[in-house]
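Q:
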Amino acid sequence: MISSCQTLYIGSAIALASFALGEPRWSQSYAAGYIDQSGAYAGGSEIMHLVAHKGKMYAANGYWVDARWVIPPEGRKQSAQVLRLDQADGEWQVDLDTGKTNGMGLEYMKGNVLKSVTFTRDRSGGLLAQPHRLLVMAAG
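Whatever position you read off the sequence shown (first residue = 1), add 16 for this note's numbering.
What follows is the structure, encoded as structure tokens:
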């Protein structure tokens with residue numbers, strides 16, 4: 017029978033070995049509230065979804081209880097965004113601002129769905145020559 021002290025010691029040894037071997041460590045890659053390389057405001061109070069798509073990482077954010085959503089009058093609120101990270105040590109970029117691209121003046125508080133979808137058949141059910149991958153986002 018292994019005592020709890022021995023178990024703790026074994027767990028600590030594994031943790032120390034992982035650290036010594038240079039295992040990947042957690043690091044923060046996104047801190048909301050900056051202007052990205054294209055001049056877009058990258059914000060949000062929460063990240064709703066993370067999805068890998070075509071070799072990049074995408075995130076859908078939300079503005080729950082965020083001053084850019086709560087305070088401005090209608091028509092000037094910051095809407096949900098899709099953010100894109102091109103490389104592990106890069107800076108997140110705004111790939112889609114749902115409030116600026118919908119053409120109807122609608123504002124969205126959060127990204128409800130973000131999913132990488134692969135189509136292998138056409139609308140008639142025929143097999144596509146190459147699968148078609150599409151990133152799908154829904155906001156509300």
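A virtual CB, placed ideally from N, CA and C, is assigned to each residue, including glycine.
Going by DSSP, what residue range makes up the beta strand (DSSP E) through R92?
A: Segment: none, R92 is in no beta strand (DSSP E) and carries neither H nor E.
Q: Per DSSP, I63 forms a beta bridge with which residues?
A: For I63, which the question treats as bridged, DSSP gives the partners N77.
Q: For a minimum of 3 consecutive residues, which ranges assigned as the beta strand (DSSP E) are wholly contained in the stretch 113–140?
A: Correct list: 127–137.
Q: Using the C-alpha atoms, what's the distance from D82 back to D111?
A: Spanning the two alpha carbons is a distance of roughly 20 angstroms.
Q: Can you find the residues in the same chain that come closer than 6 angstroms, C-beta to C-beta, to T134, ignoring five residues on each side of it along the sequence?
A: Closer than 6 angstroms at the Cβ level, and outside the excluded window around T134, lie P147, R149.
Q: On the three-state DSSP scale, how would you describe R100?
A: It is a strand residue.
Q: Leaving out the 5 sequence neighbours to the left and right, which residues in its chain are closer than 7 angstroms to T136 when beta-carbon positions are compared?
A: Only L143, L144, P147 meet the Cβ criterion.
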